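Engineer:
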Amino acid sequence: AAAEFHAWFDAEGRLGAQGLDCLRRAAYYGGVCPQLRKLAWPFLLGCYPPNSTTQERVALRAAKAAEYQGYRRQWLSVTPEQAQRFGKFRERKQRIDKDVVRTDRTQSVFASEQGEGLRTLHDVLLSYAFFNFDLSYCQGMSDLASPLVAVMHDEVEAFWCFQRLMETTGGNFHKDQKGMQAQLQAMQRICKVLEPALLQYLEEREAANFYFCFRWLLVLFKRELPFAEVQRLWEALWAKVRGSDLHLFLAMAILRRHAPTIINRRLGFDQLLEYINDLSLKLNLPELLVEADTLYQRYNSILSAASSPTVGPSASPGGSSTSSPPTR
């Protein structure tokens with residue numbers, strides 16, 4: 002796997018469009034070798050231009066390191082006297098302090114309360130709050146940052162990978178919840194096409210708002226899967242072989258498997274929420290990725306046959322609707 006990965010780069014270190022396509026397909030269909038994730042993830046997240054040379058990336062990283070240290074210095078320079086008169090800073094820092102010590106403590110990198118892992122996670126999140134004053138920090142962001150800290154083993158790279166991830170997931174944390182509402186509404190449209198009987202049942206039980214999927218979508222199934230499988234899932238999502246909304250079809254694949262139980266037990270919203278939450282760490286990710294891929298293709302095939310505008314996500318330029326589904 003390492004030899005194949007390095008073969009995608011030319012003599013000056015350019016990955017190029019073709020190499021990036023190879024990387025995306027490898028990430029989607031089989032996953033990236035854990036030892037290569039530190040090198041591959043910045044390309045999947047768009048931190049580095051695919052046509053950049055090795056020297057250009059060294060220079061870019063140095064510039065980004067200086068920029069990151071600038072954000073870090075901003076919050077480090079806040080004195081106790083200033084903090085007493087800076088309510089938003091105190092509130093956000095306290096929220097980060099509280100969440101960081103509860104994030105992935107079973108993982109060795111975050112096991113020690115005084116360890117480098119928790120310190121890096123804390124500093125990345127607080128620096129991001131100064132990078133993005135409007136969004137700042139919200140509960141759940143520590144879940145999105147921790148795998149990046151664990152994989153990158155570098156505070157600067159973890160920060161910029163997190164920043165790129167927030168470019169696509171930041172809308173989940175807006176106060177107006179428009180980002181989450183849009184995804185939940187898309188879930189309803191997907192369900193109407195692929196599982197109309199389930200949607201009808203949910204409507205009867207006043208649960209068709211799909212709020213029971215909220216946690217899944219908010220942090221990209223981070224709390225539903227073992228830590229290693231979260232990494233496998235996320236790189237499949239970042240590959241965008243099936244567009245930007247594959248996670249919605251993964252959610253649909255889970256619901257489809259459990260639809261008979263949900264309907265036969267006549268679960269109401271509260272019972273359904275409890276049932277869905279109880280699925281945490283009980284999901285078969287390899288099988289669900291295959292099923293999500295199949296559902297994606299079926300959904301777009303049905304819409305195409307009906308000559309309707311595509312309501313859900315469309316395949317990315319690098320993806321073919323006739324390709325084989327992903328595997329472990």
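Here the numbering used here is used: the first residue of the sequence shown is 2, the next is one more, and so on.
We treat Cβ as the ideally placed atom computed from N, Cα and C, and that holds for glycine.
Treat the numbers as computed from the prediction; the structure is a model and nothing was measured.
1. Are there 16 or more other CB atoms within 10 angstroms of the CB of Y129, so buried, or fewer, so exposed?
2. I'd like the list of long-range same chain contacts for A151, defined as Cβ closer than 6 Å, with 5 residues on each side in sequence excluded.
3. Answer with buried or exposed for I303, where buried requires no fewer than 16 other C-beta atoms within 10 angstroms of its C-beta.
4. Taking DSSP as the reference, what is the three-state secondary structure of G47?
5. For G118, count neighbouring Cβ atoms within 10 angstroms of its own Cβ and tell me buried if that reaches 16, exposed if not.
6. Under 8 Å by Cβ, that's how I've got A18 and P51 pegged, so tell me the actual separation to the nearest angstrom.
7. Thinking C-beta only, is L136 closer than 8 Å to G180?
8. Quick check: the stretch 236–246 against the stretch 265–275, are there 3 or more CB pairs under 8 Å?
9. In its own chain, which residues sit with a C-beta less than 6 Å from the C-beta of A252, not counting the 5 before and 5 after it?
10. Whole angstroms are fine: how far does the CA of F228 sit from the CA of R58?
11. Which same chain residues, not among the five before or five after W161, have their C-beta less than 8 Å away from its C-beta?
12. From which residue to which residue does the alpha helix (DSSP H) around Q36 run?
13. Roughly how many angstroms lie between the CA atoms of I263 and A293, to the nearest whole one?
14. At the level of alpha carbons, what is the spacing between G20 and V157?
15. Consult DSSP for Q108 and reduce its assignment to one of helix, strand or coil.
16. If you draw a straight line from the alpha carbon of Y29 to that of P81, how long is it in whole angstroms?
17. What's the C-alpha gap between P197 and P287?
18. Here's the rule I'm using: 16 or more other beta-carbon atoms within 10 Å means buried, otherwise exposed. How should A307 be labelled?
19. Among S147, S78 and C34, which has the Cα closest to the Cα of T107?
20. Should the stretch 74–92 be called in touch with the stretch 182–195, which here means at least 3 C-beta pairs below 8 Å?
21. Less than 6 Å between C-beta atoms, sequence neighbours within five positions excluded: which residues of the same chain meet that for D124?
22. Tell me which same chain residues have a C-beta within less than 7 Å of the C-beta of F211, skipping the five on either side of it?
23. Beta carbon of R224, beta carbon of D144: below 8 Å?
24. Quick check on DSSP: helix, strand or coil for Y138?
25. Do C34 and A2 count as a contact pair if the criterion is CB distance below 8 Å?
26. Tell me whether L304 sits in a helix, a strand or coil according to DSSP, three-state version.
27. Specify the secondary structure class of G71 as computed by DSSP and reduced to three states.
28. Between the beta-carbon of L219 and the beta-carbon of A260, is there less than 8 Å?
29. Would you say R25 and K176 are within 8 Å of each other, going by their C-beta atoms?
30. Whose CA, out of I277, S281, Y276 and F250, lies closest to the CA of T295?
31. So the candidates are I255, Q83 and R299; which of them puts its Cα closest to the Cα of K283?
32. Contact defined as beta carbons within less than 8 Å: I believe L37 pairs with F6. What is the distance between those atoms, to the nearest angstrom?
33. For the stretch 164–220, list the alpha helix (DSSP H) runs that are entirely contained and at least 4 residues long, ordered along the chain.
Structural biologist: Let's see:
1. Indexing the sequence shown from 1 puts residue 129 at position 128. Answer is buried; the Cβ neighbour count reaches 16.
2. As a first step, residue 151 is located in the sequence shown; it is residue number 150 there, counting from the start. Excluding residues within five positions, the ones whose Cβ falls inside 6 Å are V110.
3. By 1-based counting over the sequence shown, the position of residue 303 is 302. Result: exposed.
4. For the purposes of this step, residue 47 is taken as residue 46 along the sequence shown, with counting starting at 1. Three-state DSSP puts G47 in coil, outside helix and strand.
5. Within the sequence shown, numbered from 1, the residue matching residue 118 stands at position 117. G118 is buried by the Cβ-count criterion.
6. Along the sequence shown, one-based indexing puts residue 18 at 17. Along the sequence shown, one-based indexing puts residue 51 at 50. Contact flag correct, Cβ pair sits at about 6 Å.
7. Here residue 180 corresponds to residue number 179 of the sequence shown, with the count starting at 1. Here residue 136 corresponds to residue number 135 of the sequence shown, with the count starting at 1. Not a contact, by the Cβ cut-off of 8 Å.
8. no
9. Taking the sequence shown and counting its residues from 1, one reaches residue 252 at position 251. Taken in chain order, the residues that qualify are C214 and W217.
10. The residue you call residue 58 lines up with position 57 of the sequence shown. The residue you call residue 228 lines up with position 227 of the sequence shown. If you take the alpha carbons of R58 and F228, they lie about 29 Å apart.
11. Taking the first residue of the sequence shown as position 1, residue 161 is located at position 160. For W161, where only same-chain residues beyond five positions count, the Cβ hits under 8 Å are P43, C48, K65 and Y69.
12. The residue labelled residue 36 in the question sits at position 35 within the sequence shown. No alpha helix (DSSP H) contains Q36, which DSSP labels as neither H nor E.
13. Indexing the sequence shown from 1 puts residue 263 at position 262. Indexing the sequence shown from 1 puts residue 293 at position 292. Between I263 and A293, the C-alpha separation is close to 19 Å.
14. For the purposes of this step, residue 20 is identified with residue 19 of the sequence shown, where counting begins at 1. For the purposes of this step, residue 157 is identified with residue 156 of the sequence shown, where counting begins at 1. In a straight line, the C-alpha of G20 is about 25 Å away from that of V157.
15. Position 107 of the sequence shown holds residue 108. It is coil, neither helix nor strand.
16. On the sequence shown, position 28 is the one that residue 29 refers to. On the sequence shown, position 80 is the one that residue 81 refers to. Near 48 Å, if we compare the C-alpha coordinates of P81 and Y29.
17. The residue you call residue 197 lines up with position 196 of the sequence shown. The residue you call residue 287 lines up with position 286 of the sequence shown. Rounded to the nearest angstrom, the two C-alpha atoms are 25 Å apart.
18. Counting from 1 along the sequence shown, the entry for residue 307 is found at position 306. Counting Cβ neighbours within 10 Å, A307 comes out exposed, since fewer than 16 surround it.
19. Here residue 107 is taken as the residue at index 106 of the sequence shown, counted from 1. The candidate whose alpha carbon is nearest that of T107 is S147.
20. no
21. Taking the sequence shown and counting its residues from 1, the one referred to as residue 124 is at position 123. Cβ within range, chain order: n/a, list empty.
22. Taking the first residue of the sequence shown as 1, we reach residue 211 at position 210. Within the same chain, F211 has close Cβ partners L185, M188 and Q189.
23. Position 223 of the sequence shown, counted from the start, is the residue given in the question as residue 224. Position 143 of the sequence shown, counted from the start, is the residue given in the question as residue 144. Yes, they are a contact pair.
24. In the sequence shown, residue 138 corresponds to position 137, counting from 1. DSSP places Y138 in coil when its eight states are reduced to three.
25. Indexing the sequence shown from 1 puts residue 2 at position 1. Indexing the sequence shown from 1 puts residue 34 at position 33. Yes. Within cutoff.
26. Translated into the one-based positions of the sequence shown, residue 304 becomes position 303. Residue state, collapsed to three classes: helix.
27. Within the sequence shown, residue 71 is the residue found at index 70, counting from 1. DSSP places G71 in helix when its eight states are reduced to three.
28. In the sequence shown, residue 219 corresponds to position 218, counting from 1. In the sequence shown, residue 260 corresponds to position 259, counting from 1. The answer is no: Cβ separation not under 8 Å.
29. What you label residue 25 is simply residue 24 of the sequence shown in a count that begins at 1. What you label residue 176 is simply residue 175 of the sequence shown in a count that begins at 1. No, these two residues do not count as a Cβ contact at 8 Å.
30. Reading the sequence shown from its first residue, position 294 is the one you call residue 295. Here the closest residue by C-alpha is F250.
31. Here residue 283 refers to the residue found at position 282 of the sequence shown. Comparing Cα-Cα distances from K283 to each of I255, Q83 and R299, the minimum goes to I255.
32. The residue you call residue 37 lines up with position 36 of the sequence shown. The residue you call residue 6 lines up with position 5 of the sequence shown. Right, their Cβ atoms sit about 5 Å apart.
33. 179–195, 197–205 and 215–219
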